[in-house]
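Asker: According to UniProt numbering, the sequence shown is numbered sequentially starting from 1.
Next up is a structure, given as structure tokens.
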Amino acid sequence: MRVLGITFLFSATTFSQAEIVVNNLSKQSGQPNTSWSSEDVEMLLNKDVANVELSPQGSVTVKTTRNISTIPSTPVLSKPGQIVDTTAVFNNSPDVSARAALVMDAETGEVLYSKNSNASLPIASITKLMTAVVIADARLNMSETITLQQGDFSCAGCKSSSSTLRAGDTMNRAEALLFALMKSENPAAAALARTYPGGRSAFIAAMNAKAKQLGMTSTHYMESTGLHPGNVASARDLGILVTAASQYGLIRQFSTTPTYDFNLGYRVLKSNNTNALVRNGGWNINISKTGFINEAGRCVVMHTTLNNRPAIVVILGAPTTQARNDAAVNLMTWTSHLPKRL
Numbered sequence: 001m002r003v004l005g006i007t008f009l010f011s012a013t014t015f016s017q018a019e020i021v022v023n024n025l026s027k028q029s030g031q032p033n034t035s036w037s038s039e040d041v042e043m044l045l046n047k048d049v050a051n052v053e054l055s056p057q058g059s060v061t062v063k064t065t066r067n068i069s070t071i072p073s074t075p076v077l078s079k080p081g082q083i084v085d086t087t088a089v090f091n092n093s094p095d096v097s098a099r100a101a102l103v104m105d106a107e108t109g110e111v112l113y114s115k116n117s118n119a120s121l122p123i124a125s126i127t128k129l130m131t132a133v134v135i136a137d138a139r140l141n142m143s144e145t146i147t148l149q150q151g152d153f154s155c156a157g158c159k160s161s162s163s164t165l166r167a168g169d170t171m172n173r174a175e176a177l178l179f180a181l182m183k184s185e186n187p188a189a190a191a192l193a194r195t196y197p198g199g200r201s202a203f204i205a206a207m208n209a210k211a212k213q214l215g216m217t218s219t220h221y222m223e224s225t226g227l228h229p230g231n232v233a234s235a236r237d238l239g240i241l242v243t244a245a246s247q248y249g250l251i252r253q254f255s256t257t258p259t260y261d262f263n264l265g266y267r268v269l270k271s272n273n274t275n276a277l278v279r280n281g282g283w284n285i286n287i288s289k290t291g292f293i294n295e296a297g298r299c300v301v302m303h304t305t306l307n308n309r310p311a312i313v314v315i316l317g318a319p320t321t322q323a324r325n326d327a328a329v330n331l332m333t334w335t336s337h338l339p340k341r342l
């Protein structure tokens, strides 16, 4: 039995072999220990995306305010799904050095801040958020053992990357997903695609089909890790993806785990979340994913709560990790002081 931090149950027989409890995860994050009933876990893992508002075209409705010099008393809306740069709406809006950025009210769809948000850009490991959505949708056996193969450490057209994992390492599917979301381990994300029914090609097809279903019109996936610079999306599209991903308790839990000790049997990997804002615990972050390759720059997406307002923050193409973190803090601080309705 391998302790991971949360129980996954698809049936009573499946998980008698791999009972996973939340106590270890809670202890590491400083949260109170919690025990999950099978009913709680079933809801966490299999929660349908029932609260995402879909337009007739199948896209998530995104409401936007027009670029005007004063704050309107009520939102002035453009066409659903269209984002207008609203930076000039507020005289004190942050100056973000990243190539693109977006802050959106996650409840109403109002765009609070937008910079170059319709441009399709490389997204690096932000890709893994869609990888997680596809895995969650498939309702696979999360206790099934996955053994990493040499092919999981490289792919055609992909950038090279370092990893603390090795070919031959074994873990269950849940651990592979935690590795991919929390620590952004590329071999784990590659193995999730390889072990998907139909293999990698079926998995990539499922990623692109999900993007199309959600209305992510500027998005295309080449593989499951983000190492291929051909994995592209706009900040607008990623706002849609984060909205959808926020409906999965599994993704919320795993992407915001601050630290975890992975027991691989013959060694333990002490691992930290790639997002310092999650590790430091100063913000109420519900979903997090970072990314970096040279073509993409430093990227991050988050679903957070700011002054009781659920908000989505997207930053693409920051020049350094510090610039990315500074931009995120500045945008979140600024958003915290906005009126609830523009």
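No residue lacks a Cβ here, since even glycine has one placed at the ideal position from N, Cα and C.
If you're wondering where the values come from, they're calculated on a predicted model, not measured in any experiment.
Is V103 near K210, with beta carbons less than 9 Å apart?
Answerer: By one-based count along the sequence shown, residue 103 stands at place 103. By one-based count along the sequence shown, residue 210 stands at place 210. No.
Asker: I287 by DSSP, collapsed to three states: which one?
Answerer: The count along the sequence shown starts at 1 and reaches residue 287 at position 287. In this structure, I287 counts as strand in the three-state DSSP scheme.
Asker: Report all residues from its chain with a CB closer than 7 Å to the CB of residue 366; omit the five preceding and five following residues, and keep chain order.
Answerer: In this structure the chain extends from 1 to 342, so residue 366 is not present and cannot be described.
Asker: Can you tell me whether R99 is buried or exposed? The criterion is at least 16 other CB atoms within 10 Å of its CB, across all chains shown.
Answerer: As a first step, residue 99 must be located in the sequence shown, where it is residue number 99. Classification of R99: buried, given that the 10 Å Cβ count is 16 or more.
Asker: Using 8 Å as the cut-off, can you tell me whether the stretch 297-315 makes contact with the stretch 330-341, which would need three or more C-beta pairs spanning the two stretches below that distance?
Answerer: Result yes; three or more Cβ-Cβ pairs closer than 8 Å.
Asker: Please name the residue in R236, I251, F292 whose C-alpha comes closest to that of D137.
Answerer: Locating residue 137 in the sequence shown gives position 137, counting from the first residue. With distances taken between Cα atoms, D137 lies closest to I251.
Asker: Can you say whether D237 is buried or exposed, counting buried as having 16 or more other CB atoms within 10 angstroms of its CB?
Answerer: Position 237 of the sequence shown, counting from 1, holds the residue named residue 237. Buried.
Asker: Look at the Cβ atom of G282, then the Cβ atom of P122, and state whether they are nearer than 9 Å.
Answerer: The sequence position of residue 282 within the sequence shown is 282, counting from 1. The sequence position of residue 122 within the sequence shown is 122, counting from 1. No, these two residues do not count as a Cβ contact at 9 Å.
Asker: Alpha carbons only, please: which of S93, G317, G198, A106 is nearest the one belonging to I126?
Answerer: Translated into the one-based positions of the sequence shown, residue 126 becomes position 126. Checking every option, the nearest Cα to that of I126 belongs to G317.
Asker: Considering Cα atoms alone, identify which of N294, F179, N284, E295 is closest to A328.
Answerer: The residue given as residue 328 occupies position 328 in the sequence shown. When each option's Cα is compared against that of A328, the closest is N284.
Asker: Can a CB atom of chain B be found closer than 9 Å to the CB of L316?
Answerer: Structure shown: chain B not included; a single protein chain is present.
Asker: If V300 sits next to N330, beta carbons under 8 Å apart, how far is it from one beta carbon to the other, in whole angstroms?
Answerer: In the sequence shown, the residue the question calls residue 300 occupies position 300. In the sequence shown, the residue the question calls residue 330 occupies position 330. With 8 Å as the limit, V300 and N330 do not qualify as a contact, their Cβ atoms being about 13 Å apart.
Asker: For the stretch 173-181 against the stretch 190-205, are there 3 or more C-beta pairs whose distance is under 8 Å?
Answerer: The stretch 173-181, when compared against the stretch 190-205, does touch it at the 8 Å Cβ threshold.
Asker: Within the same chain, show all residues whose beta-carbon is closer than 7 Å to that of E144, passing over the 5 residues directly before and after it, in chain order.
Answerer: Translated into the one-based positions of the sequence shown, residue 144 becomes position 144. So the list reads N172, R173, once near-sequence residues are dropped.
Asker: Tell whether a beta-carbon distance below 9 Å holds between V242 and I312.
Answerer: Here residue 242 refers to the residue found at position 242 of the sequence shown. Here residue 312 refers to the residue found at position 312 of the sequence shown. Contact: yes.
Asker: Buried or exposed, going by whether 16 or more other CB atoms sit within 10 Å of the CB of D261?
Answerer: Within the sequence shown, numbered from 1, the residue matching residue 261 stands at position 261. With fewer than 16 other Cβ atoms within 10 Å, it is exposed.
Asker: How close, in whole Å, do the beta carbons of G157 and H228 come, if the pair is a contact with beta carbons under 8 Å?
Answerer: Position 157 of the sequence shown, counting from 1, holds the residue named residue 157. Position 228 of the sequence shown, counting from 1, holds the residue named residue 228. That pair is a contact at about 5 Å.
Asker: To which residues does DSSP link A318 through a beta bridge?
Answerer: The count along the sequence shown starts at 1 and reaches residue 318 at position 318. BP columns for A318 point to R298.
Asker: Which of helix, strand or coil does DSSP assign to T257?
Answerer: On the sequence shown, residue 257 is found 257 positions in, with the first residue counted as 1. Coil.
Asker: The beta strand (DSSP E) with M171 in it runs from where to where?
Answerer: Looking up residue 171 in the sequence shown gives position 171. Start and end: 170-172.
Asker: Could you pull out every residue in the same chain whose Cβ sits closer than 8 Å to the Cβ of R279, ignoring the five residues on either side in sequence?
Answerer: The residue labelled residue 279 in the question sits at position 279 within the sequence shown. Excluding sequence neighbours, R279 sits near P258, T259, N272, N273.
Asker: Hey, how far is the Cα of I146 from the Cα of N263?
Answerer: Taking the first residue of the sequence shown as 1, we reach residue 146 at position 146. Taking the first residue of the sequence shown as 1, we reach residue 263 at position 263. In a straight line, the C-alpha of I146 is about 14 Å away from that of N263.
Asker: Under 9 Å, do A235 and A101 count as touching if we go by C-beta distance?
Answerer: Position 235 of the sequence shown, counted from the start, is the residue given in the question as residue 235. Position 101 of the sequence shown, counted from the start, is the residue given in the question as residue 101. Their beta carbons are under 9 Å apart, which means A235 touches A101 by this criterion.
Asker: Report whether the distance from the Cβ of A98 to the nearest heavy atom of the ligand SAM is below 8 Å.
Answerer: Absence of the ligand SAM from the depicted structure is noted, as is the absence of any ligand whatsoever, leaving it without description.
Asker: Does the distance from the CB of residue 343 to the CB of S218 come in under 9 Å?
Answerer: Shown here, the chain extends from 1 to 342; a query on residue 343 therefore has no answer.
Asker: Measuring alpha carbon to alpha carbon, tell me which of A167, S93, D105 ends up nearest K340.
Answerer: Here residue 340 is taken as the residue at index 340 of the sequence shown, counted from 1. The residue with the shortest Cα to Cα distance from K340 is D105.
Asker: Hey, T320 and S288 are a contact pair by Cβ (cut 8 Å); roughly how many whole angstroms apart?
Answerer: Position 320 of the sequence shown, counting from 1, holds the residue named residue 320. Position 288 of the sequence shown, counting from 1, holds the residue named residue 288. Between S288 and T320 the Cβ distance is about 18 Å, and since that is not below 8 Å, they are no contact.
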